[in-house]
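When the letters of the sequence shown are read in order and numbered with numbering that gives the first Met the number 0, they come out as residues 0 to 232. By construction, the Cβ of each residue, glycine as well, lies at the ideal position given by its N, Cα and C atoms. These numbers come from a predicted model, not from an experiment. First the structure, in the form of structure tokens, and then the observations on it.
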Amino acid sequence: MIASAAAGVTAVAGAPLNALARTKEIRKNMEPKLVHVPTEADIQKALKTAPKGISEATHKAHLTLWQGYANKTNEIRKALAEMEVDPAKANQIYSQMRALKVNYAFALGGYKNHNVYFDTIGGDGGAPSGDVATLINEAYGSYENWAKDIKTTGIAGRGWAYLAYDRDEQRVFNFIGDAQDTFPQWNCELILALDVYEHAYFLDFQTARAKYIDAWLNCVDWNAVNARLGKAK
Ligand SMILES: [Fe+2]
């Protein structure tokens with residue numbers, strides 16, 4: 000008995016399939032794992048920020064963008080599961096594999112950073128406590144220095160500023176992310192995300208991004224950040 004028949008993959012008539020047909024048959028039977036598409040239930044904590052300046056209308060509009068990243072992540076996973084994987088058809092200028100994989104990084108990146116954004120907003124803000132406070136003090140000297148740095152980083156970024164935990168150095172750092180898929184660092188875990196795209200604040204602050212960041216600093220949920228840090232270590 001040949002390998003494909005042993006694996007239960009045979010043509011209709013019982014004859015073994017050729018390699019390409021066998022690959023297609025196997026992939027057809029593999030359902031892609033899909034991500035959770037967020038709903039209004041996922042922004043309930045964020046909606047508490049309205050008294051501090053970031054309105055419900057902003058978060059509800061923002062939710063639709065977050066849903067878009069989730070839906071496109073799932074759409075690309077399905078497309079990858081169905082596409083024919085053939086090295087002869089791959090091309091670095093344009094090919095189906097390139098189009099799907101490049102845009103997958105953008106979609107999944109946008110999904111994950113919004114997961115962190117909405118998980119870590121809706122708290123009391125101000126100075127942190129717990130392990131993240133210790134790490135911020137080690138890296139920046141004080142909360143005030145850190146807050147000035149993340150505000151400056153957020154103004155300098157085109158899309159995101161992130162507080163990330165670097166497992167190699169056991170330290171935190173405020174990174175810039177210009178887009179959903181730019182500047183990730185290896186072995187670093189995102190524990191706090193500041194979305195500085197205009198959709199995150201224009202309704203409330205127009206172009207005054209610095210005022211939005213001041214409001215955001217008053218809304219950080221440090222308990223959620225500490226929980227993420229605990230998992231990252
Ligand atoms: Fe966003």
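Check: Which of helix, strand or coil DSSP assigns to residue 3; Outcome: With a pLDDT of 38 at residue 3, under the threshold of 50, the predicted position of this residue should be treated as unreliable, though the coordinate-derived value follows. Reduced to three states, the DSSP call for residue 3 is helix.
Check: Pick from 82, 151, 56 that is closest to residue 209, judged by C-alpha positions; Outcome: 151
Check: Segment contact flag, the stretch 179-194 with the stretch 155-165, C-beta cutoff 8 Å, min 3 pairs; Outcome: yes
Check: CA nearest to the CA of residue 114, picked from 129, 144, 38, 82; Outcome: 38
Check: Near ligand 1: residue 64 beta-carbon under 7 Å from a heavy atom; Outcome: yes
Check: Residue 216 versus residue 101 - alpha carbon distance; Outcome: 33 Å
Check: Residue 161, enclosing beta strand (DSSP E) - first and last residue; Outcome: 159-165
Check: Extent of the continuous alpha helix (DSSP H) run through residue 79; Outcome: 55-81
Check: Check: residue 113 C-beta below 7 Å from any heavy atom of ligand 1; Outcome: yes
Check: Continuous beta strand (DSSP E) stretch holding residue 176: start and end; Outcome: 170-176
Check: Buried versus exposed call for residue 58 [16 or more other C-beta atoms within 10 Å across all chains shown]; Outcome: buried
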